[in-house]
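Undergrad:
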Amino acid sequence: MRKIILIILIIGLTGILVSSKAETMNMKQQKNKPVYHVIFHTPGPKWVDSLSFQEQPGIVEHINYMATILESKRLVEGGPFLDNSGGMMVFDGSKDEAEKVANADPAVKAGLLKFKVKPWLVAMSRK
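Here my numbering is used: position 109 in the sequence shown is 119, and no number is missing along the way.
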């Protein structure tokens with residue numbers, strides 16, 4: 011019985027050590043990966059369900075505004091979802107900066123779009 015308990019303890023400790031080492035390696039790998047903030051846009055109260063994204067009143071101002079963010083090198087990429095449910099923008103900067111950019115968007119100010127910002131770790135990439 012003592013041998014069984016000893017074997018179980020050894021297996022348990024080995025598992026803890028392996029798990030700890032894997033966690034440490036995972037943390038090191040994550041430090042080398044970029045973190046962006048994604049601005050998820052969803053339809054706001056002024057969104058017209060019967061119209062496509064391109065037809066929404068005020069969407070041109072949103073596109074022009076996001077183009078200025080792209081030119082400033084803060085926007086990595088972005089665009090609408092093809093199911094007319096909104097879109098997303100991958101922002102290179104802090105959460106506060108992403109929220110500031112999103113709040114200043116003319117489409118958000120006009121009520122056409124709402125937004126939510128989430129941090130995103132690029133764990134995989136073709137590049």
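Built from N, CA and C at the ideal position, the CB exists for glycine as well.
Around the C-beta of V118, are 16 or more other C-beta atoms found within 10 angstroms, so that it is buried, or is it exposed?
TA: Its Cβ being crowded by 16 or more others within 10 Å, V118 is buried.
Undergrad: Where A133 and V100 are concerned, what is the direct C-alpha to C-alpha distance, given to the nearest angstrom?
TA: Going by the C-alpha atoms only, they are around 14 Å apart.
Undergrad: To the nearest angstrom, how far is the alpha carbon of M76 from that of G88?
TA: Taking the straight line from one Cα to the other gives about 9 Å.
Undergrad: Just the Cα atoms here: how many angstroms apart are K124 and G54?
TA: Computed Cα separation, rounded: 5 Å.
Undergrad: Determine the direct distance from the alpha carbon of E109 to that of G96, and round the result to whole angstroms.
TA: Rounded to whole angstroms, G96 to E109 spans 17 Å at the Cα level.
Undergrad: As a quick exercise: from Q66, F50 and S62, pick the residue whose alpha carbon is nearest that of K56.
TA: The residue with the shortest Cα to Cα distance from K56 is Q66.
Undergrad: Just the Cα atoms here: how many angstroms apart are W130 and G68?
TA: Going by the C-alpha atoms only, they are around 28 Å apart.
Undergrad: Going by the DSSP bridge assignment, what does P53 pair with across the sheet?
TA: According to DSSP, P53 bridges with L123.
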